[in-house]
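Asks:
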Amino acid sequence: MPEALAPVLSIGSGSAYANDRLEPAAAMADSGRVSYMGFDCLAERTMALAHVRRRQDPSTGQDERIGALVPLLRGYLSRGGKVVGNFGAANPDAAYEEFAAHLRKVGLLGVRIGVIRGDDVHDLVTRLDCALPELGTTVGALGDRIVSANAYIGALPIVDCLREDAQIVLGGRLADPSLFVGPICHELGWDLTDWDRVGHATMVGHLLECGVHSTGGNFEDPPYRRVPDPHNLGYPLADVEDGSVVVTKLPGTGGAVDELTMKTQLYYEIHDPARYLTPDVTADFTGVTIEDLGDNRVRLSGARGREWPSHLKVLVGVDQGWKAVGEMSYGGPGCVDRARRAEEIVRARLDAFGSDIDDLRVDLQGVGSLFGDRLVGGEPTEVRLRLAVRTPNMEAARAAVHEVELLYFGPAGGGGATGSVVPALGVTPAYVPREQVRLETEVLES
Amino acid sequence: MKLREMAYSRSGDKGDVSNICVFVYDQADYPTLVEQLTADVVREHFGALVQGNVVRYELPNVHGLNFVLDKALGGGVSMTLRVDPHGKAFQSLILDIDLPGDQR
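This is the structure in structure tokens:
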């Protein structure tokens, strides 16, 4: 008698950040290769920026690609494919409204959509006057400068929606790996307190959440490391089973899924590898083994887990006023000296704003803008001066850009001035007891 | 020899903390990596870019090391005025470290 085949879930990545490419997501959807796709749409700043949009127009604050994405998923959804994503950003209900409207537009009526609410903990962190350890202050002390506060939330509400037959699950600050942990645990029947299995699912989520980071993106360093067709990287997908996973990518896409690309992604943005904290688990990646199966297939096993953290991490958005950046290029003999002269001029001109300028720096790109001055031997043939200012005073921000532009008039030979003023939104962590974050789910239809 | 000849790397950010993981191409080089690429060597190489501690975790299962650099991103991605707020280029800076190499 043949042995029963172990259950396998095939799940793919659809997005790694708010502005990620849609074509690889469409390719994944049309491949017929996966039954779930996870879309990570957020990074640390994205959430606060979404809150700023919502403040300007209360009907917005959701991911900005929904209208373009839904038609690309039409075939996939009509075949029963499922989607989980933090498209909600600052406004999960607006994400639902937009998904539903576009689904109806492409003729998909009655699609069940789970909406997860409650990650917005602005009121809670205000009531608790949470500490902001990286700033050395508290929520209360910053008063109305607090723009947003969203708790990283886990797989539990995702599973709740899937149990109610949601085909699309939308939330706000769902943690990146949880977008995959939810479907994996739901489909393979794993309890969300089965820590080792949740640790395994979290490893899979971590390998998929960053999109092309697993398939050859952010990886090349010629001549040491190259991947085929880096202009056409595919998103990764995984065949998940109990105890192991095979990660791969679609045939015909560029890049590479091999031992090297898997290692760099597995420990990307991990601190203590025995204590990777997510809302779902304290994951332990110290025992992971990686087996390159060839042909862009890699098997990983050995991730473990312990109980989830008692506190949820919250990202608190703080209004920091304005960030102004101005740039000007200098070239030829003496270019560095002329750029330094330009620096003296702009610093002197901006002195008038005094303590209104919270932070100011000048970098010479080509000399030491990334790592401090490490120039070895000789002078570069060109440098680009970059002035950056953070200030609550819009007038000071505009002046910073204007002063760089005025460098056209001296010192000699400045060219190519550019400038921008954007809102300066800080994002800083806080922690709240998990039981105080009240989540609710509702399954609606298109 | 430059670390780049022996190893590859990736840097990431969380708040004001940067982590850089480093892996050898040839596992025969792993003992050399562990012996020579210490937290102090990395601390020294990064200089004033890092204002906090540098902690090293060994990853013997994948022949790698993970460095966690505290107060390394000028206040954090969203706060800093640096050109590279995420420290994406740190993965290249670490590979420029000179190691004595295999002394056997």
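Same order as they appear, the protein sequences are chains A and B. For the first sequence, our numbering assigns the number 112 to the initial residue and increments by one for each residue that follows. For the second sequence, our numbering assigns the number 5 to the initial residue and increments by one for each residue that follows. Note that beta-carbon positions come from the ideal geometry of N, C-alpha and C, so glycine has one too. Since we're looking at a predicted model, the values are computed, not measured.
(1) Can you tell me whether Pro35 (chain B) is buried or exposed? The criterion is at least 16 other CB atoms within 10 Å of its CB, across all chains shown.
(2) Rounding to the nearest angstrom, what Cα-Cα distance links Ala159 (chain A) and Asp231 (chain A) in this structure?
(3) Distance check for Gly78 (chain B) and Ala528 (chain A), CA to CA, integer angstroms please.
(4) Three-state secondary structure (DSSP) at Thr326 (chain A)?
(5) Note down, in chain order, each residue of its chain lying with its Cβ closer than 8 Å to the Cβ of Met139 (chain A), except the 5 sequence neighbours on either side.
(6) Does any residue of chain A have a CB that is nearer than 7 Å to the CB of Tyr61 (chain B)?
(7) Grouping DSSP H, G and I as helix and E and B as strand, with all else coil, what is Ile24 (chain B)?
(8) Is the beta carbon of Leu517 (chain A) sitting closer than 7 Å to the one on Met439 (chain A)?
(9) In chain order, what residues of the same chain have a beta carbon less than 6 Å from the beta carbon of Lys75 (chain B), not counting five sequence neighbours either side?
(10) Would you mind working out which of A:Arg308, A:His513 and A:Val194 sits nearest Val392 (chain A), comparing C-alpha positions?
(11) On the premise that Arg501 (chain A) lies in contact with Val532 (chain A), defined as a C-beta separation below 8 Å, what is that separation, rounded to the nearest angstrom?
(12) In chain B, what lies closer than 9 Å to Val538 (chain A) by C-beta?
(13) Nearest by alpha-carbon distance to Ala511 (chain A): which of A:Val436, A:Leu183 and A:Pro540 is it?
(14) Under 7 Å between the Cβ atoms of Asp287 (chain A) and Glu320 (chain A)?
(15) Give the residues of chain A in contact with Asn88 (chain B), contact being defined as C-beta atoms less than 7 Å apart.
(16) With a threshold of 6 Å on Cβ separation, who are the neighbours of Pro339 (chain A) within its own chain once the five nearest residues in sequence on each side are excluded?
(17) Smallest Cα separation from His513 (chain A): which of A:Pro503, A:Ala523 and A:Ala499?
(18) Leaving out the 5 sequence neighbours to the left and right, which residues in its chain are closer than 7 Å to Ala535 (chain A) when beta-carbon positions are compared?
(19) Would you list the one or two residues that DSSP bridges to Leu422 (chain A)?
(20) Excluding the five sequence neighbours on either side, which residues of its own chain have a C-beta within less than 6 Å of the C-beta of Leu37 (chain B), listed in chain order?
(21) Measuring straight from C-alpha to C-alpha, what distance separates Gly526 (chain A) and Gly172 (chain A)?
(22) Using 7 Å as the limit for Cβ to Cβ distance, is Asn70 (chain B) near chain A?
(23) Please list the residues of the region 484–510 of chain A that have a C-beta atom closer than 8 Å to any C-beta atom in chain B, keeping them in chain order.
(24) Verify the contact flag: Pro339 (chain A), CB atom, against every heavy atom of the ligand SAM, threshold strictly below 6 Å.
Replies: Short version:
(1) Stepping through the second sequence from its first residue, residue 35 (chain B) is reached at position 31. Answer is exposed; the Cβ neighbour count stays below 16.
(2) Taking the first sequence and counting its residues from 1, one reaches residue 159 (chain A) at position 48. Taking the first sequence and counting its residues from 1, one reaches residue 231 (chain A) at position 120. Distance between the alpha carbons of Ala159 (chain A) and Asp231 (chain A): 11 Å.
(3) What you label residue 528 (chain A) is simply residue 417 of the first sequence in a count that begins at 1. What you label residue 78 (chain B) is simply residue 74 of the second sequence in a count that begins at 1. Looking at the two C-alpha atoms, the distance is approximately 25 Å.
(4) Mapped onto the first sequence, residue 326 (chain A) falls at position 215. In the three-state reduction of the DSSP assignment, Thr326 (chain A) falls in the coil class.
(5) Counting from one through the first sequence, the residue named residue 139 (chain A) turns up at place 28. So the qualifying residues of the chain are Gly123, Ser124, Gly125, Val145, Met148, Gly345, Tyr346, Leu348 and Leu361.
(6) As a position in the second sequence, residue 61 (chain B) is number 57, starting the count at 1. Output row for Tyr61 (chain B): interface = yes.
(7) On the second sequence, residue 24 (chain B) is found 20 positions in, with the first residue counted as 1. It is a strand residue.
(8) In the first sequence, counting from the first residue as 1, residue 517 (chain A) sits at position 406. In the first sequence, counting from the first residue as 1, residue 439 (chain A) sits at position 328. Here Leu517 (chain A) is not near Met439 (chain A), since their CB atoms are 7 Å or more apart.
(9) Position 71 of the second sequence, counting from 1, holds the residue named residue 75 (chain B). Closer than 6 Å at Cβ, skipping near neighbours: Asp20, Gln55 and Gly56.
(10) Numbered from its first residue, the first sequence carries residue 392 (chain A) at position 281. Ranking A:Arg308, A:His513 and A:Val194 by Cα distance to Val392 (chain A) puts A:Arg308 first.
(11) Along the first sequence, one-based indexing puts residue 532 (chain A) at 421. Along the first sequence, one-based indexing puts residue 501 (chain A) at 390. Taking the Cβ atoms as the reference, Val532 (chain A) lies roughly 11 Å from Arg501 (chain A), outside the contact range of under 8 Å.
(12) Along the first sequence, read from residue 1 onward, the residue named residue 538 (chain A) stands at position 427. The contact set of Val538 (chain A) on chain B, defined by CB atoms closer than 9 Å, consists of Gly19, Gly80, Val81, Ser82 and Met83 in chain order.
(13) Counting from 1 along the first sequence, the entry for residue 511 (chain A) is found at position 400. Of all alpha-carbon atoms in A:Val436, A:Leu183 and A:Pro540, the one lying nearest the alpha-carbon of Ala511 (chain A) is that of A:Val436.
(14) Start at 1 with the first residue of the first sequence, and residue 287 (chain A) comes out as number 176. Start at 1 with the first residue of the first sequence, and residue 320 (chain A) comes out as number 209. Going by C-beta atoms, Asp287 (chain A) is nearer than 7 Å to Glu320 (chain A).
(15) Counting from 1 along the second sequence, the entry for residue 88 (chain B) is found at position 84. Position check: residue 88 (chain B) holds Asp in this sequence, whereas Asn was assumed. The contacting residues are Leu481.
(16) What you label residue 339 (chain A) is simply residue 228 of the first sequence in a count that begins at 1. Exclusion of the five residues before and after Pro339 (chain A) leaves Gly365 as the residues of its chain whose Cβ lies within less than 6 Å of its Cβ.
(17) Stepping through the first sequence from its first residue, residue 513 (chain A) is reached at position 402. Per the C-alpha coordinates, the member of A:Pro503, A:Ala523 and A:Ala499 positioned closest to His513 (chain A) is A:Ala499.
(18) Taking the first sequence and counting its residues from 1, one reaches residue 535 (chain A) at position 424. Excluding positions up to five away in sequence, the list reads Gln431, Gly432, Trp433, Lys434 and Arg501.
(19) As a working note, residue 422 (chain A) is residue 311 in the first sequence. For clarity, residue 422 (chain A) is His in the given sequence; the question names Leu instead. Answer is A:Pro544, bridged to His422 (chain A).
(20) The residue given as residue 37 (chain B) occupies position 33 in the second sequence. Excluding sequence neighbours, Leu37 (chain B) sits near Val28.
(21) Taking the first sequence and counting its residues from 1, one reaches residue 526 (chain A) at position 415. Taking the first sequence and counting its residues from 1, one reaches residue 172 (chain A) at position 61. C-alpha separation (whole angstroms): 38 Å.
(22) Residue mapping note: residue 70 (chain B) aligns to position 66 of the second sequence, counting from 1. Chain A, which has a Cβ nearer than 7 Å to the Cβ of Asn70 (chain B), makes this yes.
(23) The residues in question are Arg497, Ala499, Val500 and Arg501.
(24) As presented, the structure is devoid of all ligands, the ligand SAM included, so that no description of it is given.
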